[in-house]
Amino acid sequence: MSNTYKLSGNSEASAELPSYSGTLGPDVVDVRSLYAQQDVFTFDPGFASTASCKSEITFIDGKEGVLLYRGYPVEQLANNSTYIEVCYLLLYGELPTATQLSNFENDIRTHTMMNETMLRLFNGFHHDAHPMAMVSGVVGSMSAFYHETMDIQNPRHREIFSHRIIAKLPTIAAAAYKHSLGQPFVYPRNDLDYSSNLLNMFFSVPADDYEIDPIAVEAIDLLLILHADHEQNCSTSTVRLAGSSGTNPYSAIAAGIAALWGPAHGGANEAVLTMLGQIGNAKNITEYVAKAKDKNDSFRLMGFGHRVYKNFDPRATIIRDMCHKVLAKLGRDDDPLFELALELEQVALKDDYFVEKRLYPNVDFYSGIIYRALGFQPSMFTVMFAIARTVGWVSHWQEMITDPEHRIGRPRQLYTGPKTRDYVDVAKR
Ligand code: SDX
């Protein structure tokens, strides 16, 4: 279907543009011919009104607080599935049969080790290097190790890359953590499931037995499911844009990790813990909420607000409920930070500013409290987000690379710089 759109500011100018409907969500207007028709660009910094691609992977309804992975509500997957099964679903589009799941899980388990020379890269980092810097650097270096399977037009090479990077991210993350502690690296174990192996590599030490707590395994697996994918968010769009140049997939994922690190995105979970530490206790909440509302103050309530969710983030609701359960099971239900977070949420949600601007807790508001209770340092929180989101990045990269219509991403601009002017010799300036 096509519609004619009058261009404001020029009563004669109009453009006839086709529109398309998806299976769910808003229709789109195809503006690809606009520049050719009317010599104008669309203008949408931040892309709040722009669909960058077609996708069958994840659907979000920001008004209704709906999040679907390949059509399955995230709440149902959180209650019934495992992260590895969700990885299969996101990658292949369907829930696996028992045999498919067993084969996939075995393939992931048997590719968790790192090349020993890659392990030595960590010695190049200072002990206080931020783990996200180490992880993004080492992931980018994977293209130096696996160049024999990087033909992005080869389906088998793409599958090997997908399984390899999902399998190795926890190993790389745990190596960064151990390096920051000055502790020996713990090798992955093929007898453990994905989340148990992750915990063992992070927290076991040669000098002691490490008992893997099933509560921690359940909590980690659920957090990985909830962070696995989220449509065209900043880091996923970064992976798609980097990948659209045809670069190797490891470099595209490393670019996604770098984008995730920002405090406006995946870095918010670490920033929430810092903020709660700054607030200190409930009597300071009013002061900090006032700072968050003050246009002259750069302070924002970290873990609040979302570009898409304007009522509630379904993931935050699940994680808040999980906080209660995990902290109680760990005997930490009097965690002062959790109490402070609950109080802050209540105060903010009653404040007109947050209500009018539709700012609600997002996925990052409570997740750090659970990671902290499980023993992770705040600097590792975004690394945990990156481990989970790797399958989302890979799934979108695959979808983009195999889309026959895909082109290199190359936006235009509204130029507001100087008009043409002549060079002036330095002696005359
Ligand atoms: C993630 O996109 C995704 O899907 C991301 C993610 C995923 O799974 O991939 O969901 C993960 O990144 C969650 C978001 C984590 N970030 C934070 O918690 C950081 C704090 N939140 C904000 O920085 C902000 O809300 C964003 C970045 C999340 C959203 O930014 P937008 O959509 O560009 O909104 P905005 O900055 O234009 O804010 C709209 C208004 C502004 O006020 P006005 O200029 O209209 O007067 O709301 C205000 C903002 O000042 N505002 C806040 C606020 N967030 C927005 N004011 C105080 N505290 C906040 N947290």
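Residue numbers (the working numbering): 15 to 443.
Every residue gets a Cβ at the ideal spot worked out from N, C-alpha and C, and that includes glycine.
It should be emphasised that the depicted structure is a prediction, and the values quoted were computed from it without experimental measurement.
Distances from the CB of M146 to the heavy atoms of the ligand SDX are all 8 Å or more. Here the region 257-274 makes contact with the region 169-186; the two share three or more CB pairs at distances below 8 Å. Less than 9 Å divides the Cβ of S66 from the Cβ of G423. With a cutoff of 8 Å, R403 counts as near the ligand SDX, since its C-beta is closer than that to a heavy atom of the ligand. For A62, no alpha helix (DSSP H) segment is defined, and its DSSP state is neither H nor E. When the alpha-carbon of I267 is set against those of R426, S249, G281 and E284, the nearest one is in S249. The beta carbon of V88 lies closer than 8 Å to those of L81, L82, I239, L240, P328, R329 and I332 in the same chain, with the five residues before and after it left out. Annotation for P220: P198 place their beta carbon closer than 7 Å to its own, counting only its chain and skipping 5 residues before and after. With a cut-off of 8 Å on Cβ pairs, the region 381-391 is in contact with the region 231-238, counting three or more such pairs.
The closest heavy atom of the ligand SDX lies less than 8 Å from the beta carbon of F379. Bounds of the beta strand (DSSP E) holding V80 are V80 to Y83.
Note that the C-beta distance between A402 and Y97 is below 9 Å. If you look at P32, you'll find it isn't in any alpha helix (DSSP H); it sits in the beta strand (DSSP E) that goes S28 to Y34. Excluding the 5 residues flanking it on each side, A62 has same chain C-beta neighbours closer than 8 Å at R321, in chain order.
Relative to the ligand SDX, the nearest heavy atom lies less than 8 Å away from the CB of S249. Where F57 is concerned, there is no enclosing alpha helix (DSSP H), because DSSP gives it neither an H nor an E. Within the same chain, F159 come within 8 Å of N129 by CB-CB distance, once the 5 residues on both sides are set aside. Taking non-hydrogen atoms of the ligand SDX into account, the C-beta of L373 is found less than 8 Å away from one of them. For N17, the enclosing beta strand (DSSP E) begins and ends at S16 to K20.
Y302 sits away from R334, with the two beta carbons spaced by 9 Å or more. If you check the C-beta of L206 against the ligand SDX, you find no heavy atom less than 8 Å away. The residue among L109, Y102 and F136 with its C-alpha nearest the C-alpha of N120 is Y102.
Proximity to I74 across Q167, M15, N17 and N247 peaks at N247, based on C-alpha coordinates.
Between S33 and the set D44, A27 and A92, the nearest pair of CA atoms involves D44. Burial is judged here by how many other beta carbons sit within 10 angstroms of a residue's own beta carbon; Y224 has fewer than 16 and is exposed.
CA-CA distance, F57 to K192, rounds to 46 Å.
In this structure the region 139-157 does not lie against the region 105-123, because fewer than three pairs of beta carbons, one per stretch, are closer than 8 Å. Restricting attention to D243, R172, V438 and L212, the CA atom closest to the CA of P228 is found in L212.
Taking C-beta atoms as the reference points, L354 and N310 fail to come closer than 9 Å. DSSP lists V80 as the bridge partner or partners of D75. Note that the C-beta distance between L315 and A362 is below 9 Å. Within the region 108-158, the complete alpha helix (DSSP H) runs of at least 4 residues fall at 112-123 and 130-133. The DSSP-derived three-state label of P375 is strand. At least one heavy atom of the ligand SDX sits closer than 8 Å to the Cβ of E245. For Y86, the secondary structure class from DSSP, reduced to helix, strand or coil, is strand.
Bridge partners of F318 according to DSSP: P375.
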